[in-house]
Structure formats: C-alpha cells, structure tokens
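K.L.:
Got a structure for you, questions after.
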Amino acid sequence: MITNTGSNSTPLVKVEGISKYFLQHGTFKSDGHQIKAVDNVNLTLAEGETLGLVGESGSGKSTLGRLILRLMVPSEGKIIFEGNDISRLSGKSLLPYRRKMQIVFQDPYDTLNPRMTIARILHESLDLRGVKSPRERQDEVVRLLELVGMRADAAQRFPHQFSGGQRQRIGIARALAVNPRFLVADEPVSALDVSVQAQILNLLLELQKQFGLTMLFVAHDLAVVRHMSDRVAVMYMGRIVELGANDSVYFKPLHPYTRSLIQAIPIPDPNRIPPDLPMLTGERPAANGCAYRDRCPLAISKCSTESPEMRMIQDDHYVACHRAEETAAGDVVF
Amino acid sequence: MTNSGNTSASLATATLSPIRIISNRLFRNPVAVSALILLIFLHLTALFAPFLTPYSPVTQRLQDYYHPPTKLFWSDPGGSFSIRPYVAPDIPTPGHQFILSPQKRAPVIFFAHGYAYKLFGIFPSAIHLFECRYPINILGTDDLGRDIFSRLLYGAQISLSVGLIAIAISYTLGLLVGGIAGYYGGAVDNVLMRLCDVLMAVPGFYLLLALTAVLPTSLSATERYTLIIVILSFVGWAALARVIRGIALSTRERSYVEAAKALGVSNLRIILRHILPETSTFAIVSATLAVPGYILAEAALSFLGLGIREPTPSWGNMLASAENLEALTQYPWILVPGIAIFITVIGWNVLGDGLRDALDPKGLR
C-alpha cells in the first residue's frame, strides 16, 4: 500500500484504501451489478494544505469528498481524521468530528433551505457550537456574514433574495460557523458566472489562510484547481490516476488521461494553431486491467490484464500507469 | 433585525416571509376568500349552537312530527307592519295539515330565556338568540317532532369537527411515518411502506364498516364519537404517508439536508425542520381537500346507523330519515342537512383549490 505524504507537516486527514460500491438493483437482488464509484483510494492531506481533486463527471470525486466527511458509509477502507479512524463510527460517536469537517456545495440554489431566513440557517450551525444566548447569536451572525463579505442586514432575508454568488458566500459562512479544521469544497464555483467565480475562489483562499483550513477542493476545471491547490489529484472512474504537486502535474503530466485533460483546456488565443494531438475518444470499459486502456493512446497488452498500481515516479509525483516511467523518461511520444 | 440602522424601507418590503406572500395571494382570490368566510361562518354557528338554537336537539313534540317550517308573520295582530316577526300557533289535523290561528300570533323574543346550557361546555347560560311563546321551527321538524334547525346546528358540531380532528390525527401520523420512511430509506422505508400497502389494499369504506361494526353498542355518545374519529384517521393516513415519503426521498438529496447532516444536526430535527416543511405545500392543500372526505365518511357511516347514534344529531343520521321516498316528497325540509353537507364540502374544496393556487411555487418568486 502506498501512502502519499504531501509535505513534512503532520497529516490531518488520511484515507486508506477507501472504496464505495453501489449496487445496481435488478428485479431480484442477485441481479445486482456493482458500480465502483470510489475504488481503493489512498490520500493524505497535510494540515493547512489544499488538495485539488479533478476528474470528469461520474469519476467519483464528489463521492470521495462525501466519504471523507462520512456523509456516506465507505464499503471498504479507513478514514483517519486527527489520528482517529472515523470510517466505522456512527451517530453520537461521530458527532465530535462533524463540526471539524464541513462542506461547501456545488449548487447555490440548493444549498440553503428556501424556507429559512439566513439568520435561522446560521443559527442551526451556532446551536451546535453551543452559542445559545440571543445576544451572542446575533453578534455571531453579523460576524459570520461580514467574514464572507455580506452585509449584516442579510440576516433577516430569505435565500431567494440573493444571487448565486451571495448564496455561496452564505453557504461558506454556515460551514465556518462551527470553526471547522477541514473543508470539502465540492465544485463551489462550477455553477457560478465566471465573473463571480474569482470572487468566491479568492474568498475561500483568504479564509483558508485566516483560519489555517485544510481543504479538499473538488472541481472539473483544471485551471480553477491549479489556482486553488498545493497539490492535485486526478480521478478517473473511481481511482486516483495521478497525484502530485500543482505545477508538476500541470506542466509534466505523466498519465495519458491527465495529459488529455490539460489539452482540453481552451487557450484564448485566436492565432494559436491547435496542436494536432489525439483527443479523448472511445467508450469507458468496466473490466479488469486499466480502466482507461480503451481510450489510451499508449495502451499495451499489459493494460488489459493488470491494473496499474499507484507509484512514485518522480519526487512526490504519483502515477497509476504502466508506462509512466517511459513517459517520465521521455521515451513515449503522444 | 441584526442591523436595523442599515435597513431601508424598500428592503423591509422586499423581506416578506413566504407565509405573508402566500396569504396575500390567497386573499386576492375572491372565490377562495368567500369559501373561507363561509367555512368560518359555519364553524362559528356550530360553536355557538346552544345560543343560536331555540330548542335542545333532543326535545320532542310528537304531535308536531314533520311540521313544515314555521310561517313568520311580519305584522302584528292588528295588521300593521312589524320588523319583529310574529308566530301563530297551529293545531295538527288527522290529514297532517296544520291549521294556523293567525289572530293569536305572538312576537318572537330575542335574547330570551330558554333551556339551560353551557357555552363551550364551560359558561352556564339560558339566553338564546330567539324564543317564542308558540313553537318556532324555522326549518321544520323531523319524524319525532324535533326542531331541525336546532339539530342542524348541534349536528354541525359533530359533523364539522370530525373532519378537522380526523385530519389532524391522520396527518400527524402520515407526515411522521412518511417523513421517517423517506428520510431513512432502506429497511425502515420498506417496513413502513408495506404496512401502508396493507392498509391501502383493504377497500377503505369496508374497513370503516368493519371497524365501526365491532364497536360495542353500550358506548356513550362521546366515546363513540371519539372512536369513530380514531377509526377514520386510521384508515386515512396511509395514502398520505406514501406521498410524503416520496417528497421526503427527493428532499433528503437536497444540499441543505446534507449540510445539516454534515453539521451533525440530529435526524429528528432534520426531518422536522428541513424535510417536513418541504411537504407543507402539498400537505396543506391535500388536507384541505381531504376534510370533506372525512365529513362525507362520517355522514355515510351515520346514515347507515354505524356512526353517531340517535338521539345525538349529526348531519349523516339526520339524513337517514330522508331515505324514505314518501317522506322525502311530502316533507322536503328534512333534506336540509344534505344541503349543509353539500355547502361545506364545496366550501372546503374551493378553499383547497385557492390554497393550491396561492401555494404554487411558480408564482412565489
């Protein structure tokens, strides 16, 4: 088993061989076909670090975030938070960890209960922190709203009176109200206007610095992830296929999937001639071997028989590809 | 307001709560408002029945059976116009004709003393809205010579409250069971929903008949009334629970429910604060539309003699005397409770429709 230590500081979150299977029900239970949403993932998040998690829709990145937060029960594997295994805890025993791990959601129109005022939404968080007196609560609501760049008079209004960006800010305030140490940002800007995206991203960066938050930043936009993260993990069909420092993954991708993702980033230059490189083609298989092999320009016979293991190819740069060494040495041409 | 200093007047008007928006919209619908006023009026008459009625619902004047509605004279014995109506005595003849003696007419007395009662079961009184020296039956009498007007108002106490209380019980049950089943899902959901299926698989009215038929005859009127409400609620909650469960199933996938889970809010609190309010639009409308069902069910049971028993009046058992065609053609006033049921049912349905329009989320923002 490979553990990926990020930097030299102590890990806050450690994920060991975690998997989540969903049963696809047939008419009878026995027809059930297993879907591996997350398949044997190992991750380590150092205190104060931001790990970007990218992948296409359905690659399991949101599921992984929810597993770490224990919003879902993992089918296999361990989640170690502050040195304690929380993967099998439930109910009351999980409660002390709940407050330390929070989440910011993707859809700003779904993240706030439309029937509650902003003050009531924030009170729910404050109640759990034990802020009970009306005076204290009121002060806290004002402080939280100002923290996320909102005016205090937002408190008495309803979610439908705010724009998407403002709702995301309120969602962030709700998460921060319980003073978490770890934040999962589940595509927090993908539903926003580009002009608003930057504001929310900068707010998250600022708050992270201010509170020393550890963050798992989930996105499908590589440029956004690069802006936010220290390290990047690329997910494909429930597995992490490449993990490494931001620039290392971005400029020297060693997995063919990462490479095609980066090629897919549009470059705003009308004079640029698009590189004549193979783009993503083919269907996604579900069988033994490397899940990417049918779409991979580098596939060899080994890829259809043997699943590639995650291994360190360069300094803290991990790849799950049989041909990563060759790629790193420059022996393969795409 | 956390910061009233910053709050401008325009902001305050923009901050109407959803409840205010909905009630504003309901009150702009004249048909729904008329229905609401009508229902409030009906329930008030039921509430004040002892004061409004000249006779106790069980007082019999056997010689006056099937007496037609009393003729009111708008002039005194001298023949000059009077705003206070006069009532003349009459004598029944063998051919069931009533011979009036208009010269002996006596005035109706308002706020007069009559039979003693307790208003709302608490305040003792004997004051009635109107009384007269001679029998006054403004809606006629039934086969035992009882005043139909008095019985109608006392019957309303039972017929109208059955619907409301049964709704309150069955909706509490349906919302909780549906909310729990939908929120937890899995085995809990399966067990609860199969229970609903079993209940729903039995034809509702036969289940009602079977359950009421086993009630012992020795029960007091109050006990019988209570048990009938419980039985009605018991039959009614399953279908609701299924719908609520469906809404709960979709609501639990909403991000704000996940956020509450991530915060560590307890499951019961999530169900009560996040899941069930999401069903409120549906629940309010369907409850309003379901009230007439319970009123009709009680009427049907009482009509068949399995509901409220004589002499306690209910609209259903009053109608039972109208089942005979001869009585119906000769004494059409005994159909009055049927008209009352009709008006009430229409009222609830119209109000339900108005509420549905007012609660329509498409117009909410």
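Sequences listed follow chains A and B, in order. Residue numbers for the first sequence follow this note's numbering, so the first one is 14 and each next one is one higher. Residue numbers for the second sequence follow this note's numbering, so the first one is 248 and each next one is one higher. Even for Gly, the Cβ is constructed at its ideal location relative to N, Cα and C.
1) Any C-beta of chain A sitting closer than 8 angstroms to the C-beta of L510/B?
2) Which residue comes first and which comes last in the beta strand (DSSP E) that contains E319/A?
3) In the stretch 482-513 of chain B, which residues sit with their C-beta less than 7 angstroms from some C-beta in chain A, listed in chain order?
4) Do V504/B and I522/B have their beta-carbon atoms positioned less than 8 angstroms apart in this structure?
5) Taking A236/A as the reference, which of K222/A, M250/A and N259/A has the closest Cα?
6) Going along the chain, which residues of the stretch 524-535 of chain B sit with their C-beta nearer than 9 angstroms to a C-beta in chain A?
7) Tell me Y333/B's beta-bridge partners as DSSP assigns them.
8) Relative to the C-alpha of L66/A, which candidate in M228/A, L189/A and Q151/A has its C-alpha closest?
9) Would P382/B and D311/B be called neighbours here (beta carbons separated by less than 8 angstroms)?
10) Is Q115/A close to chain B? Criterion is C-beta to C-beta, closer than 8 angstroms.
11) Taking 8 angstroms as the threshold, find out whether the stretch 450-459 of chain B comes into contact with the stretch 518-534 of chain B through three or more Cβ pairs.
12) How big is the Cα-Cα spacing for P339/B and P304/B?
13) For S103/A and chain B, any beta-carbon pair shorter than 8 angstroms?
14) Inspect the beta-carbon positions of L196/A and A188/A and report whether they are closer than 8 angstroms.
15) Counting along the chain, where does the alpha helix (DSSP H) carrying D260/A start and finish?
16) Based on the DSSP secondary-structure assignment, which residues constitute the bridge partners of H360/B?
17) Between S270/B, L466/B, A488/B and L273/B, which lies nearest to I442/B when the distance is taken from Cα to Cα?
18) Measuring CA to CA, which of A460/B, A530/B and G511/B is closest to S106/A?
19) The alpha helix (DSSP H) that contains D444/B, what's its start and end?
20) For G483/B, which of Q404/B, G326/B and V445/B has the nearest alpha-carbon?
21) Since Y541/B is in the alpha helix (DSSP H), which residue starts that stretch and which ends it?
22) Rounding to the nearest angstrom, what Cα-Cα distance links A132/A and R148/A in this structure?
23) Step through the CB atoms of chain A and report whether any lies within less than 8 angstroms of the CB of T254/B.
24) Just verifying my parser: in three-state terms, what is the DSSP assignment at L462/B?
25) What residues match up with P339/B in a beta bridge as DSSP calls it?
26) Would you tell me roughly how many angstroms separate the C-alpha atoms of F481/B and V209/A, rounded to the nearest one?
27) For G177/A, report the span of its alpha helix (DSSP H) as first-last.
28) Determine, for G594/B, whether the minimum Cβ-Cβ distance to residues of chain A falls below 8 angstroms.
29) Using a Cβ-Cβ cut-off of 8 angstroms, state whether H521/B counts as contacting chain A.
30) From which residue to which residue does the beta strand (DSSP E) around M129/A run?
31) List the whole-angstrom C-beta distance separating A403/B from A279/B, where the pair is believed to meet the contact cut-off of C-beta under 8 angstroms.
32) Assign R194/A to one of three DSSP states: helix, strand, or coil.
33) Give the secondary structure of A259/B by DSSP, where H, G and I count as helix, E and B as strand, and everything else as coil.
34) Going by other Cβ atoms of all chains shown within 10 Å of its Cβ, with 16 needed for buried, is S502/B buried or exposed?
35) Rounded to whole angstroms, what is the Cα-Cα separation between L135/A and R272/B?
36) Rounding to the nearest angstrom, what Cα-Cα distance links L420/B and D436/B in this structure?
P.N.:
Taking the definition as stated:
1) Chain A, which has a Cβ nearer than 8 angstroms to the Cβ of L510/B, makes this yes.
2) Looking at the DSSP string, E319/A is not in any beta strand (DSSP E), and its letter there is neither H nor E.
3) Listed by position along the chain: R501, S502, Y503, E505, A506, A507, K508, A509, L510, G511 and V512.
4) yes
5) N259/A
6) P524, E525 and S527
7) F320/B and P354/B
8) M228/A
9) yes
10) For Q115/A, the answer is yes, since a Cβ of chain B falls inside 8 angstroms of its Cβ.
11) Counting Cβ pairs under 8 angstroms, fewer than three are found: no touch.
12) Annotation: P339/B to P304/B spans about 22 angstroms, alpha carbon to alpha carbon.
13) no
14) Cβ distance < 8 angstroms, so L196/A and A188/A count as in contact.
15) D260/A -> alpha helix (DSSP H) spans N259 to F264.
16) For H360/B, which the question treats as bridged, DSSP gives the partners I374/B.
17) Note on residue identity: the sequence assigns Leu, not Ile, to residue 442/B. Nearest option by C-alpha distance: A488/B.
18) G511/B
19) G433 to A448
20) V445/B
21) Judged by DSSP secondary structure, Y541/B falls within the alpha helix (DSSP H) whose first and last residues are L523 to F550.
22) So the alpha carbons of these two residues sit roughly 13 angstroms apart.
23) The predicted model places T254/B with a pLDDT of 41, which falls under 50 and marks its position as unreliable, so this point remains unresolved.
24) coil
25) F345/B
26) 53 angstroms
27) G177 to L189
28) no
29) yes
30) No beta strand (DSSP E) contains M129/A, which DSSP labels as neither H nor E.
31) About 22 angstroms separates the two Cβ atoms, so there is no contact after all.
32) coil
33) Because A259/B carries a pLDDT of 43, less than 50, the predicted location of this residue cannot be relied on, and no value is offered for it.
34) buried
35) 29 angstroms
36) 15 angstroms
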